[in-house]
Ligand code: OGA
Ligand code: MN
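Residue numbers (the numbering used here): 26 to 263.
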């Protein structure tokens, strides 16, 4: 299969211009005094203001048990024979990702098409075009994803990811203020939808087992497969 959207293409830092634009568009959306209760799968560093917490909760949403066991198995049954033929890449230490293999998929069987349509209907408004290819990232249990922002050249404002096979910790860190850091417990079979502030103003990463500690408890990640839907980049943003 011709893969045109690889992790390395996606790895980039967002330009400052972009951040300013985003802030201008969104600054008035949330009122600081109305922080909703923080779901237990978020762990915010204590430097967060209510405004910034609210901003994250509005732009990084998690649905636990988005998949049932049969659906997870159905995705794995279709993916795994292909993934197993690829070799994990343990790249040079300064690369953006360590211990992974990846592919993109256009055609899915009927059941998995239904699952992915469900993801797209949750993640993307009806006027937004999802990319036709779905990105599949298979992380070895000793692998991790370093902090990055998905390239705005290749991917629009929304990133929707299903986590298969294991729980893991995703960390978001504010690009301009590294003290603003939030850890998110991503459960196996959950769906996250990252947009707006979380997508543009924060880097995201998947922690290595060594660093995978959530609210004081170690979370050992096993092999992890993520199935990621993105949308077309907004041509005006480039
Ligand atoms: C990516 C990425 C996160 C995940 O592929 O750019 O950040 O959930 N993946 O695997
Ligand atoms: Mn990413």
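Note that CB positions come from ideal geometry on N, CA and C, so glycine has one too.
Give the range of the alpha helix (DSSP H) segment to which residue 141 is assigned.
-> 135-148
Write down the C-beta distance between residue 250 and residue 163 rounded to the nearest angstrom, noting that I regard them as a contact closer than 8 Å.
-> 5 Å
Measuring CB to CB, does residue 240 end up less than 8 Å from residue 68?
-> yes
So, helix, strand or coil for residue 222, using DSSP?
-> helix
Give me the Cα-Cα distance between residue 93 and residue 132, rounded to the nearest whole angstrom.
-> 22 Å
Rounded straight-line distance, which links the Cα of residue 208 to that of residue 125 | 21 Å
Reference residue 167, options 107, 205, 116 and 139, closest by Cα | 116
Name the two residues that bound the continuous alpha helix (DSSP H) containing residue 95.
-> 94-108
CA nearest to the CA of residue 66, picked from 211, 218, 201 and 130 | 211
Apart from the five residues on each side of it in sequence, which residues of its chain come closer than 6 Å, Cβ to Cβ, to residue 255?
-> In chain order, 156, 180 and 184 place their CB closer than 6 Å to the CB of residue 255, counting only its own chain and leaving out the 5 sequence neighbours on each side.
So, helix, strand or coil for residue 69, using DSSP?
-> strand
At a cut of 8 Å, does the segment 196-206 reach the segment 132-145 through at least three beta carbon pairs?
-> Touching, no.
Tell me whether residue 222 is buried or exposed, calling it buried when 16 or more other Cβ atoms sit within 10 Å of its Cβ.
-> It counts as buried.
Does DSSP put residue 251 in a helix, a strand or coil?
-> strand
Taking all protein chains shown into account, decide if residue 242 is buried (16 or more other Cβ within 10 angstroms of its Cβ) or exposed.
-> It counts as exposed.
Taking all protein chains shown into account, decide if residue 259 is buried (16 or more other Cβ within 10 angstroms of its Cβ) or exposed.
-> exposed
Would you say the beta carbon of residue 123 comes nearer than 7 Å to a heavy atom of ligand 2?
-> no
Can you give me the Cβ contacts of residue 57 inside the same chain, cut-off strictly under 6 Å, excluding the 5 residues immediately before and after it?
-> Summary for residue 57: the model assigns pLDDT 48, below 50, so the residue's position carries little reliability, and this model does not support an answer.
Return helix, strand or coil for residue 77, following the three-state DSSP convention.
-> The answer is helix: DSSP assigns residue 77 an H, G or I state.
Consider the C-beta atom of residue 102 and the heavy atoms of ligand 2; say whether any pair is separated by less than 7 Å.
-> no
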